[in-house]
Amino acid sequence: MIMENLLKQAKKAMENSYAPYSNFKVGCAVKMKSGKVYTGCNIENSSFGATNCAERTAIFKAISEGAKEIDQIAIVSSGNMVTYPCGICRQVISEFMKDGTFIFEDNKGNIVTRTYEEIFPYSFTKNDLEKARENN
Numbered sequence: 001m002i003m004e005n006l007l008k009q010a011k012k013a014m015e016n017s018y019a020p021y022s023n024f025k026v027g028c029a030v031k032m033k034s035g036k037v038y039t040g041c042n043i044e045n046s047s048f049g050a051t052n053c054a055e056r057t058a059i060f061k062a063i064s065e066g067a068k069e070i071d072q073i074a075i076v077s078s079g080n081m082v083t084y085p086c087g088i089c090r091q092v093i094s095e096f097m098k099d100g101t102f103i104f105e106d107n108k109g110n111i112v113t114r115t116y117e118e119i120f121p122y123s124f125t126k127n128d129l130e131k132a133r134e135n136n
């Protein structure tokens, strides 16, 4: 039931997407370890570098409210397909998620889940920075 609820919240967030350039709307619902859910949508800009993805929007909202540990992330798109997070979103997610579940919906409406390890087999984290400092 939790997965369906997160997908529903992600779809609702997608309704607020501002995507006049790509017409590719994305919604995200992030459940933190505290149980609180934060949502976000993608927000495009004519200066493409100023665009923000749905995942980062939701995560930044959570962090700005004091939540720091992600438990689950649901991501949906107007493409009606499993839509994985982009590289920069993966890097942001890896900062605040140590394990957990990614929840998607395929083009037939089936729930698809992936573990943290499946999405991040070789992520760059603060542990890498600590190891680098130890080796210097």
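In this note's numbering, the protein residues as written are 1 to 136.
In this text, a Cβ means the ideal position worked out from N, Cα and C, and glycines have one as well.
- Counting only the Cα atoms, alanine 132 lies some 34 Å from asparagine 42.
- Comparing C-alpha distances from lysine 126 to each of Ala29, Ile93, Val76, Asn45 shows the shortest one belongs to Ile93.
- By the 16-neighbour rule on beta-carbons within 10 angstroms, leucine 7 is buried.
- Within the DSSP bridge table, the entry for phenylalanine 24 names no partner.
- Judged by DSSP secondary structure, phenylalanine 96 falls outside any beta strand (DSSP E) and instead within the alpha helix (DSSP H) spanning 87-96.
- Scanning its chain for C-beta atoms nearer than 7 Å, with the 5 sequence neighbours on each side dropped, one finds around alanine 62 the residues Val30, Met32, Tyr38, in chain order.
- When C-alpha distances from tyrosine 116 are compared across Ile73, Cys86, Ile88, the shortest belongs to Ile73.
- For glutamine 72, DSSP records a beta bridge to Lys31, Thr101.
- The alpha carbon of proline 85 has as its nearest neighbour, out of Phe96, Lys98, Ala54, the alpha carbon of Ala54.
- Take the alpha-carbon of glutamate 65 and the one of glutamate 134: they are about 33 Å apart.
- Relative to the Cα of serine 123, the nearest Cα in the group Gln91, Asn136, Glu130 belongs to Gln91.
- Valine 82 and phenylalanine 60 do not touch by the CB rule: their CB atoms are close to 23 Å apart, not below 8 Å.
- In the structure shown, glycine 109 falls within a coil segment according to DSSP collapsed to helix, strand and coil.
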